[in-house]
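These notes concern the structure reproduced below.
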Amino acid sequence: MRSEVFGEVHLHLGAHRTGSTAFQMMLSDNADSLRAQGVSVGFPSRGQVPNGQLQTYLEHQALSDPEQLKKQIAQNRADIAPIVGSDEGQHSLLSEENFIGGMISFQQGKFYPHARDRMILLKKVIQPAEVGNVMLMIRAYDTLFVSACRKRAENQLVPNYDVVRRRQAEFEGGWPKVVDDILSGLKPRNLFVVPYRRERDDLALLGRLCPQVDTTKLKPSTGHTNASFPDAALFEIQRRRRAGERLGWAEKRAIYEAFADKSARQPFVKVFPKHEESLRARYLSDLELLRARSEITLVED
335 MRSEVFGEVH LHLGAHRTGS TAFQMMLSDN ADSLRAQGVS VGFPSRGQVP NGQLQTYLEH
395 QALSDPEQLK KQIAQNRADI APIVGSDEGQ HSLLSEENFI GGMISFQQGK FYPHARDRMI
455 LLKKVIQPAE VGNVMLMIRA YDTLFVSACR KRAENQLVPN YDVVRRRQAE FEGGWPKVVD
515 DILSGLKPRN LFVVPYRRER DDLALLGRLC PQVDTTKLKP STGHTNASFP DAALFEIQRR
575 RRAGERLGWA EKRAIYEAFA DKSARQPFVK VFPKHEESLR ARYLSDLELL RARSEITLVE
635 D
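Numbering (the numbering used here), first residue to last: 335 to 635.
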């Protein structure tokens, strides 16, 4: 039986490249109204979202060392303390796509390989507050991998995609395993799994995640999407990074503008048709597995 003494924390876990920035922009636009309804919200400032204050790095390796684990929990609790409380009836919402892991695993041919350990650590951090509802937005593997590679190329030096492509064709893991990791690690009240759609109602999704919120008193987000760098700009960013340049936001923005109308000789990320078909089929198969799960709510409306 759940404790009613302490607060409850709802979690939006991303995932990456599923419109997390737009969801967080909506939270930012409505932060005061949500707080007035008894829900404090936390999200990172990533993606130029204003008022982002959540900076929590889950070092899951600490689980193997009791002393290091104590320090890690204390640090992460301090990170979320301005948002998450333990008072009776208090509700909080944390939105952070990196809680389940980073996109770097995709280029290694793995799929959030440490999600379970990270969820176990996150639950320890949140205690004594309870884990409430959790939302995970998912995306087809073929478009996810392409989008993730392009996004990482904006900010990191990435390997040639010819190497990455072969690893991703038969990657380890998948959405069903991530769902298992969330269920076993967090033991949430409810887990909502939402297949990605470009057009969606984020207020309606927030209403599922935090049913105590009256979404009619909130305003839809004015809309925000991460600008996609054109292929020519991505090639230039990678060329300059390989030359040892450190590129900040201003430098990257200048590259974006300089190459906005230029065409590249080839796509920055090119997936072979047979790999694309295989990844798409694998996603559809995994989606059927999720539809059969009684422990989750698959939101497809």
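Even glycine gets a Cβ: it sits at the ideal position worked out from N, Cα and C.
Query raised in the report: Is it true that the CB of G466 sits closer than 7 angstroms to the CB of G341?
Result: Going by C-beta atoms, G341 is not nearer than 7 angstroms to G466.
Requested in this report: Can you give me the start and stop residues for the beta strand (DSSP E) that F526 sits inside?
Outcome: N524 to P529
Query - Span of the alpha helix (DSSP H), counted from its first residue to its last, around G466 - result: For G466, there is no enclosing alpha helix (DSSP H); the residue is found in the beta strand (DSSP E) stretching over E464 to I472.
**Report entry** Span of the beta strand (DSSP E), counted from its first residue to its last, around G376
**Finding:** V373 to G376
Query - V547: first and last residue of the uninterrupted alpha helix (DSSP H) it sits in - result: Counting along the chain, V547 falls outside any alpha helix (DSSP H), and DSSP gives it neither H nor E.
Report task. Rank M453, S367 and F569 by C-alpha distance to the C-alpha of S597 and give the top, closest one. Result -> F569
Query - Given G519 as reference, the closest of R531, I454, D535 and F505 once Cα atoms are compared - result: I454
Query raised in the report: How is F425 classed by DSSP in three states: helix, strand or coil?
Result: At residue 425 the sequence reads His, which differs from the Phe that was named. Strand, per DSSP.
Query raised in the report: Under a Cβ-count criterion, where at least 16 other Cβ atoms within 10 Å of its own Cβ denotes burial, should E431 be classed as buried or exposed?
Result: buried
Query raised in the report: When the Cα of Q424 is compared with those of I460, A594 and F526, which residue comes out closest?
Result: I460
Query raised in the report: For E338, which residues of its own chain have a beta-carbon under 6 angstroms away from its beta-carbon, when the five flanking residues on both sides are left out?
Result: With a pLDDT of 48 at E338, under the threshold of 50, the modelled position of this residue cannot be trusted, and the question is left open.
Query raised in the report: Are the beta-carbon atoms of F440 and F479 separated by less than 7 angstroms?
Result: yes
Query - Distance between H350 and R616 (C-alpha atoms, nearest Å) - result: Straight across, the Cα-Cα distance linking R616 with H350 is about 19 angstroms.
**Report entry** Sequence-distant residues of its chain with Cβ nearer than 7 angstroms to P384 (five each side left out)
**Finding:** S362
Report task. Would you be able to state if there are at least three C-beta pairs under 8 angstroms between the region 549-558 and the region 488-502? Result -> no
**Report entry** For H344, the three-state DSSP class (helix, strand or coil)
**Finding:** strand
**Report entry** For T631, the three-state DSSP class (helix, strand or coil)
**Finding:** strand
Query raised in the report: In whole angstroms, what is the alpha-carbon distance linking R336 and V468?
Result: In this prediction, R336 scores a pLDDT of 46, lower than 50, which makes its location untrustworthy; no coordinate-derived value is stated.
**Report entry** Nearest candidate by alpha-carbon position, reference L623, set K511, Q395 and G436
**Finding:** Taking only the C-alpha atoms, the option nearest L623 is K511.
Query raised in the report: Any idea which residues DSSP pairs E506 with across the strands?
Result: K444
Query raised in the report: Between F563 and E488, which are expected to be in contact by the criterion C-beta below 8 angstroms, what is the C-beta distance as a whole number of angstroms?
Result: 6 angstroms
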